[in-house]
Amino acid sequence: MKRGNVKNLGKEKGSGQIIPLNVNGEEHLVAVDDRDTLLDVLRNKLSLTGAKEGCGTGECGSCTVLLDGQPVLACLTLAIGVVGKKITTIEGLAAGGKLNPLQRAFIDHGAVQCGFCSSGMIVSATALLSVNARPSRQDIQSALEGNLCRCTGYNKIIEAIESVKDQK
Ligand code: FES
Ligand code: FES
68 MKRGNVKNLG
78 KEKGSGQIIP
88 LNVNGEEHLV
98 AVDDRDTLLD
108 VLRNKLSLTG
118 AKEGCGTGEC
128 GSCTVLLDGQ
138 PVLACLTLAI
148 GVVGKKITTI
158 EGLAAGGKLN
168 PLQRAFIDHG
178 AVQCGFCSSG
188 MIVSATALLS
198 VNARPSRQDI
208 QSALEGNLCR
218 CTGYNKIIEA
228 IESVKDQK
């Protein structure tokens, strides 16, 4: 079991407990405050910076991760509330350090520009494809409703997801 920032327990304001978190298939022990969000813990204590903090208020989707396969906003999720669940981040989607087909499709279709929204988009699309291997364009648009992109105009993102669908 890996330890993420356990040594700092007691040194941070309000720090209070060590919790086990299963992230991308690995168990970690992490020192957390009751108010720490999952996004804070992933980024600042486990150095998993793929999930981004855009708004911090549940509006942009850039912090999306999977909890037992379901997309959630890590900025609105307390770390202490996800003990015992399987957390998957964008880093966990790349098998053996290689981009998976959906990640590759985003690059190949020009769906990544500044990239700030990309991990949230890909995680949301992963959740969709796990339950619907051949989603319609409307299905894809619905799945991405909570994910904002300021750069691409969304068409390239949808085309990237459709290209993976068409491979199945
Ligand atoms: S950072 Fe979580 S929704 Fe924007
Ligand atoms: S690629 Fe820049 S916000 Fe989406």
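Take the position in the sequence shown, starting the count at 1, then add 67; the result is the number in my numbering. Glycine included, each C-beta is placed from N, C-alpha and C at the ideal position. These figures come from a predicted structure and were not determined experimentally.
Looking only at Ser209, Cys216, Ser197 and Arg204, the smallest Cα-Cα distance to Gln137 is reached by Ser197.
About 5 Å separates the Cβ atoms of Ala227 and Phe173, confirming a contact at the 8 Å cut-off. Beta-bridge partners of Thr131 (DSSP): Leu140.
Asn89 has Glu94 and Lys153 as its beta-bridge partners, per DSSP. Pairing Thr116 with Gly151, the inter-Cα distance amounts to about 22 Å.
Taking 8 Å as the cut-off, the C-beta of Cys181 does not count as close to any heavy atom of ligand 1.
Taking the C-beta atoms as reference points, Ala118 is found nearer than 9 Å to Val190. In this structure, the straight-line span from the alpha carbon of Ile85 to that of Leu96 is close to 6 Å. For Phe173, the enclosing alpha helix (DSSP H) starts and ends at Pro168 to Asp175.
Between the beta-carbon of Cys127 and that of Leu195 there is about 18 Å, and that puts the pair past the 8 Å contact cut. Cβ-Cβ separation between Val108 and Ala146: approximately 4 Å, consistent with a contact (criterion under 8 Å). Within the chosen limit of 8 Å, ligand 1 reaches the beta carbon of Glu126 through at least one heavy atom. Beta-carbon to beta-carbon, Ala178 and Lys232 are separated by about 14 Å, too far to satisfy the 8 Å threshold.
Not one heavy atom of ligand 2 sits closer than 8 Å to the Cβ of Cys130.
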